[in-house]
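**Q** The structure under discussion is supplied below as structure tokens; questions concerning it will follow.
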Amino acid sequence: MANTETALKEALSTIEGATGAALVDYTSGMALGTIGGGNTFDLNVAAAGNTDVVRAKLRTMEHLGLKEQIEDILITLDTQYHLIRLLKGKGGKGLFLYLVLDAGRANLAMARHQLRRIESQLEV
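Start counting the sequence shown at -13; every next residue gets the next number (the numbering used here).
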């Protein structure tokens, strides 16, 4: 089992095109851990903003009476992919992994697969 720091380091180092990653508590909007991003991309701001995305989708699903779980949410930009993966494992309720990918270098299908594997090994 991997802790938060190890899981985020693994995401950044093993997922082709990854430029930033965070573990986020969507009940508070706070990042529990971040890696990457750099001076031009504040992962803490992104964590708070994407918390609103997750909450809105959960609220919409509730209004629609959908009894399913969100696997992941994908946001595509001109040069980036933003992947939000809600945690399902023990202790993961209310948390999501957030991954920023360079669209020119990333293989989206492989990134989703690897993020799923990292999630399965994460112990919060």
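Heads up, the beta-carbon is just placed ideally off N, CA and C, and yes, glycines get one too.
Taking the alpha carbon of D58 as the point to measure from, which residue in Y67, G24 and N30 has its own alpha carbon closest?
**A** Residue Y67 is the option with its Cα nearest to D58.
**Q** Where does R102 sit, in a helix, a strand or coil, going by DSSP?
**A** Note: R102 maps to helix in three-state DSSP.
**Q** Per the DSSP calculation, I59 is bridged to which residue(s)?
**A** Answer is I70.
**Q** How do the segment 4 to 21 and the segment 75 to 90 stand: do at least 3 beta-carbon pairs fall below 8 Å, yes or no?
**A** Taking 8 Å as the limit for Cβ pairs, the verdict is that the segment 75 to 90 does touch the segment 4 to 21.
**Q** Less than 8 Å between the C-beta atoms of A(-12) and Q100, yes or no?
**A** Result no, Cβ atoms of A(-12) and Q100 do not sit closer than 8 Å.
**Q** Beta-carbon separation of G35 and T65 under 8 Å?
**A** No, these two residues do not count as a Cβ contact at 8 Å.
**Q** Straight-line CA distance for R41 to L69?
**A** Distance between the alpha carbons of R41 and L69: 15 Å.
**Q** In the DSSP output, what is L44 paired with across the bridge?
**A** Paired residue(s): none; L44 is not in a bridge.
**Q** Whose C-beta lies closer than 7 Å to the C-beta of D11 among residues of the same chain, with five residues either side of it excluded?
**A** Same-chain partners within the cutoff: L18, G80 and L81.
**Q** Suppose you measure from the CA of A7 to the CA of A(-3); what does that come to, to the nearest Å?
**A** Cα to Cα, the separation comes out at about 7 Å.
**Q** Could you give the DSSP three-state label for T20: helix, strand or coil?
**A** Reduced to three states, the DSSP call for T20 is strand.
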